[in-house]
Amino acid sequence: MTFRAAALLTVVTCALAALAVALPVRPRTSAGDPQIVAVVLDPLDDPRLAPYRALREASAERDLARLEELAFGSGSYSAYLAAMELARADAAPAELRARALERALELRVQDPLRRAEERALRHELGELWERAGDREKAFAAYRAALPLGRAIEGAERTAPDRYRLAAAFQSAGMHTRALEALEGLAAPSIEAPSLRALGRYSEALDAYRRWLAEVPGDPTARSGEAWCLYYLGRDAEAAAAFEAIGGSEGLYGLGLLANRAGDVTRAVELFTASGRADAMWLATGVLEARDRYAEALPVYLRLAEGSSVYADDAAYRAYVLAGRLGDEAARARARELMPPGSFFALVLGDPPAVPDPAGADALAAAAAQGDMALAAEPSSAAEALEVAFALMAMHDRDAAVGELLFALREAEAAGDVAAVLDLAEALQSMDEYRQSSRAGRELLAAGVQDLRAWRLAYPPAWPETVLSAAAQAGVEPALVWAVMRQESAFSEVAVSVANAQGLMQVIPSTWTWLAELRKEQPRDPFDVVANIEYGATYLGWLMNYWDGDVELVIASYNGGQGYVRRVFTADYVKGDKAEFYREIDRSETREYLQRVYENLAVYRTLYPALATGAAEAAR
Numbered sequence: 006m007t008f009r010a011a012a013l014l015t016v017v018t019c020a021l022a023a024l025a026v027a028l029p030v031r032p033r034t035s036a037g038d039p040q041i042v043a044v045v046l047d048p049l050d051d052p053r054l055a056p057y058r059a060l061r062e063a064s065a066e067r068d069l070a071r072l073e074e075l076a077f078g079s080g081s082y083s084a085y086l087a088a089m090e091l092a093r094a095d096a097a098p099a100e101l102r103a104r105a106l107e108r109a110l111e112l113r114v115q116d117p118l119r120r121a122e123e124r125a126l127r128h129e130l131g132e133l134w135e136r137a138g139d140r141e142k143a144f145a146a147y148r149a150a151l152p153l154g155r156a157i158e159g160a161e162r163t164a165p166d167r168y169r170l171a172a173a174f175q176s177a178g179m180h181t182r183a184l185e186a187l188e189g190l191a192a193p194s195i196e197a198p199s200l201r202a203l204g205r206y207s208e209a210l211d212a213y214r215r216w217l218a219e220v221p222g223d224p225t226a227r228s229g230e231a232w233c234l235y236y237l238g239r240d241a242e243a244a245a246a247f248e249a250i251g252g253s254e255g256l257y258g259l260g261l262l263a264n265r266a267g268d269v270t271r272a273v274e275l276f277t278a279s280g281r282a283d284a285m286w287l288a289t290g291v292l293e294a295r296d297r298y299a300e301a302l303p304v305y306l307r308l309a310e311g312s313s314v315y316a317d318d319a320a321y322r323a324y325v326l327a328g329r330l331g332d333e334a335a336r337a338r339a340r341e342l343m344p345p346g347s348f349f350a351l352v353l354g355d356p357p358a359v360p361d362p363a364g365a366d367a368l369a370a371a372a373a374q375g376d377m378a379l380a381a382e383p384s385s386a387a388e389a390l391e392v393a394f395a396l397m398a399m400h401d402r403d404a405a406v407g408e409l410l411f412a413l414r415e416a417e418a419a420g421d422v423a424a425v426l427d428l429a430e431a432l433q434s435m436d437e438y439r440q441s442s443r444a445g446r447e448l449l450a451a452g453v454q455d456l457r458a459w460r461l462a463y464p465p466a467w468p469e470t471v472l473s474a475a476a477q478a479g480v481e482p483a484l485v486w487a488v489m490r491q492e493s494a495f496s497e498v499a500v501s502v503a504n505a506q507g508l509m510q511v512i513p514s515t516w517t518w519l520a521e522l523r524k525e526q527p528r529d530p531f532d533v534v535a536n537i538e539y540g541a542t543y544l545g546w547l548m549n550y551w552d553g554d555v556e557l558v559i560a561s562y563n564g565g566q567g568y569v570r571r572v573f574t575a576d577y578v579k580g581d582k583a584e585f586y587r588e589i590d591r592s593e594t595r596e597y598l599q600r601v602y603e604n605l606a607v608y609r610t611l612y613p614a615l616a617t618g619a620a621e622a623a624r
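In terms of this note's numbering, the sequence shown opens at residue 6 and continues consecutively.
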């Protein structure tokens, strides 16, 4: 929390306390004796909380007209609450409730990790529009709620026609449903992609060719035809199709065909000519598999000079190969291409690219002691902060967080960095780490190098719980935070496609095993304390399993210790970390290892005292 925000909290809390004191008055009894009566003023009488007072009164009186006025009268958080209240008012007409819920969804702060919650609201909206007799709007709402199971029947009931229903299912990734919805209707633009997604390549090929007959030269249909031919092993036809496509996709496809035919040199030429990063990475693998390291080196360097997700890996691999080949110039160039603070720069001994926290802390301490003046001008976030802290003083954390989130959205849209920092820090002080850390990450991405932004992007979330759990498990709290940041971005309600749950993203089977390991009945995976404790327990177990090798621990947390051991001990790796980095799966575990290790380095730098304290507690 900033000094300004802390001061505001103190002022507002004191003001509200003053409002709530008992004021003595002396009315007369019938006998004429004075009597002391305690009169408690309503904290909502604070003018800054007038919208909340109006909302409370309208709700208590079931005043639908007033709720409508509040819901549609502004874009504030209180308007959002009014819209939700009106949407749930059974006495209101279905159309009014539907419009109110649409308004709430319009005002709602978006969060990708709350898609399930939004889908449920969209399903509710569909039911309201259906009840109001507007099938078109109902279908649109149900479509937006897919693939939520409850929305399927709604979409089927309200679909204007089979084609649109099938398209809705297809866009939601429900390919079998999409094909079933067609019921024999010829719609190759839907049939072909769905059949291909289901691995039914022969049928998909036929559908793509029917599509091309209807729309000659359609690029999507031409691409689909080529790839179906490739997967069916009809290489000569596939080659002709890829040549007709041309461009990077065509060259990539031809490269795959050449590699399948055993023409490595031709395959590498085509992969490299395509300019596609994934193709060039594949080319390096093909070359290394045949010990053609000198040919692989320039391809790695070219990749490293780009901006793809392969750039860091390519730079490090070029560094390794150049060392083995004795090419000092290439080795030096590869070293230059490793971004500061990246995983491989850290592995080679560079410090993380974080501002010096010691200098900033000294500055903060001086300011706190009055040795330097605070900013003369209040932040543009001052009003929102005052309202939020007033709500906190009333023990309404949800409303306080909502006010800050709405104000944060406006500040970000306006590019007001000072306000974003103040608002995000206030959110962090209320244990709202998901959106505050997101704001910090976006500030860093925009080039803001303020230490406050770093501490927002890498928060010591739920510090008491993490410090305690880490000490019990014998692991660094920095490691718990590093994993939490990557796994859930500090969302307590996060659920992955694999059904990993909560802050530390533990799958149900592992959760049950951890409960047995802890000798207790499984607890609620969405409970913050339980999830942190179980995640820390797993990290502690992995630390013992890998004798303290934190890189293997991190990789195992994502990919499983069995998989990591198989790769690490394979004949082509033999415990060599450089080879391990190259061979571990690109799409998941390798990227995970790098991001978490980078997180860990930043946390160790930003919060050395916390790490030290936890280490001592663990001993």
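Glycine included, every Cβ here is placed at the ideal spot set by N, Cα and C.
For clarity, every value in this text was computed on a predicted model and none was experimentally measured.
With a cutoff of 7 Å on beta-carbon distance, T594 and N549 are scored as not near each other. Rounded to whole angstroms, the separation of the alpha carbons of E135 and Q433 is 41 Å.
V359 carries a coil assignment under DSSP once its states are collapsed to helix, strand and coil. Annotation: P117 is outside any alpha helix (DSSP H) and is labelled neither H nor E by DSSP.
Take the alpha-carbon of K579 and the one of A218: they are about 54 Å apart.
By DSSP's assignment, V555 forms no beta bridge with any residue. Rounded to whole angstroms, the gap between the alpha carbons of E66 and A92 is 16 Å.
Beta-bridge annotation (DSSP): V511 is paired with Q506.
In this structure, DSSP gives V500 an extended state, which the three-state scheme calls strand.
Taken atom to atom, the span from the alpha-carbon of G567 to that of R322 is near 25 Å. The count of Cβ pairs closer than 8 Å, one atom from the region 444-457 and one from the region 513-526, stays below three, leaving the stretches out of contact. With three or more CB-CB distances shorter than 8 Å, the region 420-437 counts as touching the region 381-396. For the pair A458 and T270, the Cα-to-Cα distance works out to about 49 Å. When secondary structure is reduced to three states using DSSP, D318 falls in the helix class. In the DSSP assignment, W216 falls within the unbroken alpha helix (DSSP H) covering 206-219. For S493 against A487, the beta-carbon gap comes to about 12 Å, at or over 8 Å, which does not count as contact. If you ignore the 5 residues before and after R443, its C-beta comes within less than 8 Å of the C-beta of A494, all in its own chain and listed in chain order. Residues of the same chain with a CB within less than 6 Å of the CB of Y438, apart from the 5 flanking positions on each side, are P464, A466, F495 in chain order. In this chain, the alpha helix (DSSP H) harbouring Y543 covers 533-550.
Beyond the five residues adjoining it in sequence on each side, A535 comes within less than 7 Å, by CB distance, of R528, D529 in the same chain, given in chain order.
The alpha-carbon separation between D421 and R523 amounts to approximately 47 Å.
Looking at the backbone, the Cα of L126 and that of R169 are separated by about 22 Å. Going by DSSP, R402 is part of the alpha helix (DSSP H) stretching over 402-419. In the DSSP assignment, V291 falls within the unbroken alpha helix (DSSP H) covering 282-294. In the DSSP assignment, Q599 falls within the unbroken alpha helix (DSSP H) covering 596-611.
Contact check for Q491 and Y597: beta-carbon distance about 7 Å, within the 8 Å limit, so the pair qualifies. Using a Cβ distance threshold of 7 Å, R148 and T163 do not count as a contacting pair.
Look at I157 here: in three-state DSSP terms it is helix. In the structure shown, the three-state DSSP call for G178 is coil. If you check the CB distance, R215 and A209 do not come in under 7 Å. Counting along the chain, the unbroken alpha helix (DSSP H) around K582 starts and ends at 582-588.
DSSP, read as helix, strand or coil, puts Y568 in helix. Annotation for D332: no alpha helix (DSSP H) segment contains it, and DSSP assigns it neither H nor E. In the three-state DSSP reduction, G311 falls in the coil class, being neither helix nor strand. DSSP, read as helix, strand or coil, puts A386 in coil.
The closest CA to that of T610, considering only E388, L351, R53, D581, is found on L351.
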